[in-house]
Amino acid sequence: MRILLVDDSKTMRNIQKAVLAQLGHTEILEACDGQDALSKAPAFRADLMLVDWNMPNMDGLTFVKAWRSNNKTTPIIMVTTEAEKSRVIEAIKAGVNNYVVKPFTPDLLSQRIQETLAKCGQSAAA
Amino acid sequence: MPAGFDQEIVQDFLTESGELLGLLEGDLLVLESTPRDPELLNKVFRALHTIKGSASFLQLTNLVTIAHAAESALNAARNGVIVVGPAMMNLLLDAVDILKTHMSQLAAAEELSVPRADLVAQLAEIGEGKSNINAAHTAAHVPATPTPAAQAPQQTKPTTPTSTNSTSVRKLELGPGKADLLDYLVADLDETMGKVQASLDALAGAKDVTTSAQSLSDTCEQLGRCVDFFEHSQMGQIAQAMAKAAGKLTTRQDALQSVMPHLRSLCELVNVQALGIKAGEVREVTADEVLDQLEVASTGASAVTPAPSAPLGEPPHEPVHEPHPLAQPADEAQPQVAPDAKTPDAKAEKHDTKTVENTIRVEIGRLESLMNLVGELVLQKNRIGALTRRAASTTIADVELTEAFTAAAGTLDRVTSDIQLAVMRTRMQPLEKLFGRYPRLIRDLASKTGKKIQLIIEGGDTEVDKSVIEELGDPLIHLLRNSCDHGLELPEDRVKSGKPETGILTLRASHEGSHVRVMVIDDGRGLSRERICKKAVERGLVTQEQVAALSDREVWSFIFEAGFSTAEKVSDLSGRGVGMDVVRTNIQKLKGSIDLSSEFGKGTTISITIPLTVAILPAMMVGVGSEIYALPLGSILEIVRPQPEQVNSIGGHSVMRLRDSVLPLVDAADLFDQPADKRVDSLFVVVLQQHEKRVGLKVTRLIGQQEVVIKALDEAGASSTPRAVSGATVRDDGGVSLIVDVDRLITMAEGR
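Protein sequence lines, in the order shown, are assigned to chains R and L. Counted the way the numbering used here counts, the first sequence spans residues 448 to 573. Counted the way the numbering used here counts, the second sequence spans residues 1465 to 2216.
1. Could you check if Thr1514 of chain L is buried or exposed, using at least 16 other CB atoms within 10 Å of its CB as the buried criterion?
2. Can you tell me which residues form a DSSP beta bridge with Arg1995 of chain L?
3. Using a Cβ-Cβ distance cut-off of 8 Å, determine whether Ala1767 of chain L contacts chain R.
4. Tell me which same chain residues have a C-beta within less than 7 Å of the C-beta of Lys1564 of chain L, skipping the five on either side of it?
5. Quick one: what's Glu1748 of chain L bridged to in DSSP?
6. If I follow the unbroken alpha helix (DSSP H) through Asn1735 of chain L, where does it start and stop?
7. Anything in the stretch 495 to 512 of chain R with a Cβ closer than 7 Å to a Cβ of chain L? List those residues in chain order, please.
8. Sorted by chain position, which residues of the same chain lie with C-beta nearer than 6 Å to Cys479 of chain R's C-beta, five sequence neighbours on each side aside?
9. Beta carbon of Ile2070 of chain L, beta carbon of Gly2056 of chain L: below 8 Å?
10. In this structure, does DSSP put Lys2157 of chain L in helix, strand or coil?
11. Should Ala530 of chain R be flagged as near chain L, meaning a C-beta pair shorter than 8 Å?
12. Could you tell me whether any Cβ in chain R is nearer than 8 Å to the Cβ of Asp1476 of chain L?
13. In chain L, which residues lie with their C-beta within 7 Å of the C-beta of Asn461 of chain R?
14. Decide if the stretch 2120 to 2136 of chain L is in contact with the stretch 2047 to 2064 of chain L; the criterion is three or more beta carbon pairs, one per stretch, under 8 Å apart.
15. What residue does the beta strand (DSSP E) around Pro1894 of chain L start on, and which one ends it?
16. Quick one: residues in its chain with C-beta nearer than 7 Å to the C-beta of Ile1941 of chain L, no 5 flanking neighbours on either side, listed in chain order?
17. Between Ala2217 of chain L and the rest of its own chain, which residues show a CB-CB distance below 7 Å, the 5 nearest in sequence each way excluded?
18. Kindly confirm or deny that the stretch 1668 to 1684 of chain L and the stretch 1700 to 1707 of chain L touch, where touching means at least three C-beta pairs closer than 8 Å.
19. Classify Glu477 of chain R as helix, strand or coil using the three-state DSSP reduction.
20. According to DSSP, simplified to helix, strand and coil, what is Phe2148 of chain L?
21. Report the partner residues of Arg2121 of chain L according to the DSSP bridge assignment.
22. Would you mind reading off the limits of the alpha helix (DSSP H) that contains Ala1668 of chain L?
23. Note down, one range per segment and in chain order, each alpha helix (DSSP H) of at least 4 residues found wholly within the stretch 1554 to 1591 of chain L.
24. Since Gly1924 of chain L and Leu1969 of chain L are thought to touch, with beta carbons under 8 Å apart, how far apart are those beta carbons, to the nearest angstrom?
25. Is it buried or exposed, Lys1963 of chain L, if we count other Cβ atoms within 10 angstroms and call 16 or more buried?
26. Sort L:Ser2125, L:Leu1649, L:Gly1639 and L:Leu2014 by Cα distance to Leu555 of chain R and report the nearest one.
27. Measure the C-alpha to C-alpha separation of Leu2209 of chain L and Leu2161 of chain L and round it to an integer number of angstroms.
28. Relative to chain R, which residues along the stretch 1686 to 1699 of chain L have a C-beta separation below 7 Å, given in chain order?
29. Let me confirm a value: Phe1899 of chain L is counted as buried when at least 16 other C-beta atoms fall within 10 Å, else exposed. Which label applies?
30. Rounded to the nearest angstrom, what separates Ala1668 of chain L and Met1724 of chain L at their Cα positions?
31. Quick one: is Thr2193 of chain L buried, meaning 16 or more other Cβ sit within 10 Å of its Cβ, or exposed?
32. Taking the alpha-carbon of Cys1997 of chain L as reference, which of L:Gly1988, L:Ser2021, L:His1979 and L:Ile1985 has the nearest alpha-carbon?
33. Sort L:Leu1645, L:Gly1490, L:Asp2197 and L:Ile2174 by Cα distance to Gly1849 of chain L and report the nearest one.
34. Applying the criterion that 16 or more other CB atoms from any shown protein chain within 10 Å of the CB defines a buried residue, is Ile1920 of chain L buried or exposed?
35. Flag Leu564 of chain R as yes if its beta-carbon sits less than 8 Å from any beta-carbon of chain L, otherwise no.
36. Does any residue of chain R bring its CB to less than 8 Å from the CB of Thr1514 of chain L?
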């Protein structure tokens, strides 16, 4: 499965990559902010996007809005913090399919990924 | 160490967070003067946020605690609940200090200390909007946007659930990740339903149909995504259908009248369902019929045959487009323009971020050994150059071979120079790295002394060798402290002497040939010649009679004597008379020099000049008698061959008239005590300049330029006989030469 990982912190990307690797996902493309993700995403054709919220240049929410204006289907999971939870609804309205709160365990992320893919697969098949 | 994450990730975290903290501190200080700058607030917030996010994975609980507290306080500022005032800034800076401590603890693999509970509590209080820390500032400030909750009441007038003729109710059951958000969903539903209602009303008024329809479509789409997430699929379906119908209205306004009633009834149904969610219920309503009617109305307004009623759940089929004449341009323009407009921007950004990531960290030790090797290489290159010249000058030389040899030596020379430059550049860092620490220092000093000080930093992008950055740090702190403590006056004193309240302290760096000059300039009270002289006489450095004849420069130089201080009282900032002595020693270690000029009442300028690199020096080799010396090329202004009538003697000292000025002359043979019998007439005068002072050095022969590798002289040997020598080097012919210290030479010429 091809996963686009968008986070401005290299540390965070490495951590998430490690978690994803534990789950058996190795086809991962990294982007360091929304702008970067927008430029990389079309060619990568991700099966899933993991997007951080707070980033310089272009934050996760703006990225999701921009991406959704052309692509309604790519499953997107927003990576948020406890504090950003109050705004998750906003992200969902913008087109995020699910969210996961930092710090997450591999189990939780795996669960969220499956949940999201199942849901998106369902609506795509319906 | 938390399990599962290797040392490399921790190292990444340290590097990244260390940099972020540095930026964060700088930004906070800027924020202090522009506390409402939303960009800056965001930037600062983001930095903390990133640090906290990574730290939470590494299970650095203590670090997360303080970062979280500071972040929530900043969030309050970001949301306009509070304005960052001095008191809050102090708390934030304290938090940054703790984070820095944590970083060094983490680097040393120590246990992270528990952050101060009172600080965490105070910050948290600000975050919760409970603190009155900057009471005066916040009084007038009202949050810009009312919270959704505040808007809720007037919009929750529910349409009476009369239309719920057959409503089945079940409990809304959600997983933990979703149940958590339910409260937010409820608050949001009120707002969203309000918007839906408003757009419908606007549509009914038939004003701005396109805009209203678009906003209705957007809102309904958002609503659909939202309730879908909360596993309320029927409500989602209705919302999507409404979105779709409304979307069509943007291009087909003729359908407005037939669509409106259906939209209204669906809106009522959705309202009922929204109320259900509030009550924690999923209300399944009878909507199929209305949905069908809506479908027919919106797609088939002009069609003759009514569309067959599609069963609920079938994918809403995309109707064959009968493009409306008005619709076409808008339809086509939108999807195409948007992505195109973004591409160039995105590319530029991408390029930007790439440069950030294209760095690797290299252990200093490796660079250092590389530097040493290059030093040796330069020596050998010089040697090969010399051998080539010798080979060429011998009569038995094979011409072709010699030429090839010369060409190869030339290439070697060029390549070696390039390598040397490249290696040097790997060690270069912008002074910004150092200067970035000072705004905080000055801020603290200003608040401690009750002075108003503005620090201006210029030329922070000037690059110098890493070792220079390290060695320059402490001296600059001393100098800045001195300026703040002794140089700049209290605001009231400044006003009395007709200066603006705020003292200006400038830290300026610039390249000057092969040197870097760093200046600390204040517009304070300046040095008092009188007081320094008095002190100098007291300490027996000079007699009362000699004082009058001293130049300003000589008077100022007393400041650099160990234990010399004119401060009447010692503060905890400075005044113990240690500073300047240490400063001078440190600067000399860097083969640099320090110069001071001051005007009483106007201010003081201290300038430090340091060679770009301490290892390799471009030099002019000159012969003095039978010896060869190296002169730093950067200090040479010109070389002249004076006519006898140009050379005079004033007060027993030899001088030379050079165009319109008089140049003091020093004979190199005297300088290096050459025995009288070995002396040869010195024909050339090398004009040397340092710190805008000049001297002419008489030499016998000119040999040529060479890059010399500086080898330090033995400390004991150097200090026992103070000479104008800064080091020694191995020449290209294998011999040893002394390198002339121009600064000391000028001082000696002035002092005779």
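We put the beta carbon where it would ideally sit given N, CA and C, even for glycine.
Considering the structure as presented:
1. The residue given as residue 1514 of chain L occupies position 50 in the second sequence. The residue in question, Thr1514 of chain L, is buried, as its Cβ has 16 or more Cβ neighbours within 10 Å.
2. Start at 1 with the first residue of the second sequence, and residue 1995 of chain L comes out as number 531. BP columns for Arg1995 of chain L are empty, so no partner.
3. Translated into positions along the second sequence, residue 1767 of chain L becomes position 303. Confidence in Ala1767 of chain L is poor, its pLDDT being 41 and thus under 50, which makes the residue's placement unreliable; the coordinate value appears in the next sentence. No, because no Cβ of chain R sits closer than 8 Å to the Cβ of Ala1767 of chain L.
4. What you label residue 1564 of chain L is simply residue 100 of the second sequence in a count that begins at 1. These residues qualify, in order along the chain: Leu1485.
5. Reading the second sequence from its first residue, position 284 is the one you call residue 1748 of chain L. Per DSSP, L:Ser1632.
6. For the purposes of this step, residue 1735 of chain L is taken as the residue at position 271 of the second sequence. Leu1720 to Lys1742 is the extent of the alpha helix (DSSP H) around Asn1735 of chain L.
7. Asn501, Pro503 and Asn504
8. The count along the first sequence starts at 1 and reaches residue 479 of chain R at position 32. Correct list, in chain order: Asp455.
9. For the purposes of this step, residue 2070 of chain L is taken as the residue at position 606 of the second sequence. For the purposes of this step, residue 2056 of chain L is taken as the residue at position 592 of the second sequence. No. Outside cutoff.
10. If you number the second sequence from 1, residue 2157 of chain L lands on position 693. DSSP places Lys2157 of chain L in strand when its eight states are reduced to three.
11. Taking the first sequence and counting its residues from 1, the one referred to as residue 530 of chain R is at position 83. So yes, Ala530 of chain R belongs to the interface.
12. To locate residue 1476 of chain L, count along the second sequence from 1; it is residue 12. Chain R contact via Cβ: present.
13. By 1-based counting over the first sequence, the position of residue 461 of chain R is 14. Ordered by position in chain L, the residues that pass the 7 Å Cβ test against Asn461 of chain R are Ile1473 and Asp1476.
14. no
15. For this step, residue 1894 of chain L is matched to residue 430 along the second sequence. Taken as a continuous stretch (DSSP letters only), the beta strand (DSSP E) holding Pro1894 of chain L covers Met1892 to Pro1894.
16. The residue you call residue 1941 of chain L lines up with position 477 of the second sequence. Only Leu1905 meet the Cβ criterion.
17. An answer regarding residue 2217 of chain L cannot be provided, because it is not within the stretch 1465 to 2216 covered by chain L.
18. yes
19. If you number the first sequence from 1, residue 477 of chain R lands on position 30. It is a strand residue.
20. What you label residue 2148 of chain L is simply residue 684 of the second sequence in a count that begins at 1. Phe2148 of chain L: strand per DSSP, three-state reduction.
21. Position 657 of the second sequence, counted from the start, is the residue given in the question as residue 2121 of chain L. Arg2121 of chain L is bridged to L:Val2126.
22. As a first step, residue 1668 of chain L must be located in the second sequence, where it is residue number 204. Unbroken alpha helix (DSSP H) run through Ala1668 of chain L: Leu1646 to Ala1668.
23. 1581 to 1591
24. Taking the second sequence and counting its residues from 1, one reaches residue 1924 of chain L at position 460. Taking the second sequence and counting its residues from 1, one reaches residue 1969 of chain L at position 505. Not confirmed; about 15 Å, so no contact.
25. Here the question's residue 1963 of chain L lines up with position 499 in the second sequence. By the 10 Å Cβ count, Lys1963 of chain L comes out buried.
26. Within the first sequence, numbered from 1, the residue matching residue 555 of chain R stands at position 108. The option with the nearest alpha carbon to Leu555 of chain R is L:Gly1639.
27. The residue given as residue 2209 of chain L occupies position 745 in the second sequence. The residue given as residue 2161 of chain L occupies position 697 in the second sequence. Near 9 Å, if we compare the C-alpha coordinates of Leu2161 of chain L and Leu2209 of chain L.
28. Gln1686, Arg1689, Cys1690 and Phe1693
29. The residue labelled residue 1899 of chain L in the question sits at position 435 within the second sequence. Under this definition Phe1899 of chain L is a buried residue.
30. Taking the first residue of the second sequence as position 1, residue 1668 of chain L is located at position 204. Taking the first residue of the second sequence as position 1, residue 1724 of chain L is located at position 260. Near 7 Å, if we compare the C-alpha coordinates of Met1724 of chain L and Ala1668 of chain L.
31. Taking the first residue of the second sequence as 1, we reach residue 2193 of chain L at position 729. Classification of Thr2193 of chain L: buried, given that the 10 Å Cβ count is 16 or more.
32. Residue numbering aside, residue 1997 of chain L sits at position 533 when the second sequence is read from its first letter. Here the closest residue by C-alpha is L:Ser2021.
33. Within the second sequence, residue 1849 of chain L is the residue found at index 385, counting from 1. Among L:Leu1645, L:Gly1490, L:Asp2197 and L:Ile2174, the Cα nearest to that of Gly1849 of chain L is on L:Asp2197.
34. For the purposes of this step, residue 1920 of chain L is identified with residue 456 of the second sequence, where counting begins at 1. Label assigned to Ile1920 of chain L: exposed.
35. Here residue 564 of chain R is taken as the residue at index 117 of the first sequence, counted from 1. For Leu564 of chain R, the answer is no, since every Cβ of chain L falls outside 8 Å of its Cβ.
36. Reading the second sequence from its first residue, position 50 is the one you call residue 1514 of chain L. By this cut-off, Thr1514 of chain L is an interface position.
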